[in-house]
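Using this note's numbering, count along the sequence shown one by one with no gaps and you end on 551.
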Amino acid sequence: MILFKRATDLREHLEKQRKKGKKIGFAPTMGALHDGHISLVEASRKENDLSAVSIFVNPTQFNDPADYAKYPVTLEKDISLLEAAGCDVLFLPPVEEMYPSGQMLKKKYELGYLESLLEGSFRPGHFQAVCQIVHRLLEVVQPDNLYMGQKDYQQCMVVKKLLELTGLGNSVELHISPTLREKSGLAMIYAHANGFIHESGAAIPSRPLDPSRRSRTGRGVSRFGNPKPAGERGDERGLSGAAEILGAGGGAENPGPGDRKHPGGGGAVPARGPDSGQAEGSWHCGDL
């Protein structure tokens, strides 16, 4: 695995690989990697000649600077996991590399109600920040295939919209991989970000959920259902709740994650599709 910290060096390396006819897969992350992230690398390796991962804790995505300061950094472990998974390239840029002076949140993306419901309703500006950093990373890496986890479903839909807005969807195909869970049923990302995993496999939160946040998210949580116990099939109910809120209905051209053809939500999501004219409360696929 080759590690790059400068965008120009990475671009030069990947351009040489493209000239050799190699197909490139890419998974953007913020580090603190777990099996869910590694599954993205594995998916990329099956479908590409070269697999790249970025680790960048994006400061503009955090509404509270204290959360940014506390975000877990496990770089040595992350590198070991990526090497073991067969990752070919790791992009590890400093903040000033991704945000030259005066460039933070300079661009505005017309996301419509995608950024104002669910998570966006209590994290103003979050999905604009997601779009800016993903846009920047895609310009640097220029992958053929982009891999994201289904756990961040709203973020995946925002990135899908980003591909449409920028025209990058003409050259980049978005793949959404199924959520991996702990034995408790909790998505791995939450267990690793909010606490640690006990040797029994149970997630131990580091702090309770803010009651005000609970009330704001209650409507969405009730539709998504509770985390499924290990060994039980619960994705369909949760995904149908997501589809109800996001309006990600099926159809032959753009089957929703709960579609019988793709019940697990895996596989490619077309970068284009009908995504406008939806009434409030009826979202369409159209942040991760």
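Ideal Cβ placement from N, Cα and C applies to all residues, glycine included.
Notebook entry, point to check: By how many angstroms is the C-alpha of Q417 removed from the C-alpha of E382?
Noted result: 8 Å
Item checked: G375 in three-state terms, based on DSSP -> helix
Margin query: Just to confirm my understanding: we take K285, look at its own chain, exclude 5 residues before and 5 after, and list those with CB closer than 6 Å. What are they?
Written below: For K285, the CB contacts under 6 Å within the same chain, skipping 5 residues up- and downstream, are D312, L313 in chain order.
Next item on the list: Quick one: measure Cβ to Cβ for T323 and M367, integer angstroms, because I've assumed they're closer than 8 Å.
Entry: Correct: roughly 6 Å between the Cβ atoms.
Margin query: Quick check on the DSSP output: the alpha helix (DSSP H) that includes H389 runs from which residue to which?
Written below: 389-404
Notebook entry, point to check: For V316, does the three-state DSSP call read helix, strand or coil?
Noted result: strand
Margin query: Helix, strand or coil for V352? Go by DSSP, reduced to three states.
Written below: strand
Note to self: With distance defined between alpha-carbon atoms, name the residue in V304, K282, E278 nearest to A290.
What the structure shows: V304
Notebook entry, point to check: Is it the case that the Cβ atoms of E315 and V404 are separated by a distance below 8 Å?
Noted result: Per the sequence presented here, residue 315 reads as Ala, with Glu not at that position. Judged by their CB atoms, A315 and V404 are nearer to each other than the 8 Å cut-off.
Next item on the list: Note down the Cα distance separating I460 from K371, rounded to an integer number of angstroms.
Entry: Low confidence applies here, because I460 scores a pLDDT of 37, under 50, leaving its location unreliable; read the following figure in that light. Rounded to whole angstroms, I460 to K371 spans 38 Å at the Cα level.
Notebook entry, point to check: Which residues in the same chain have their Cβ closer than 7 Å to the Cβ of L277, if we skip the five residues on either side of it in sequence?
Noted result: I287, V404, Q405
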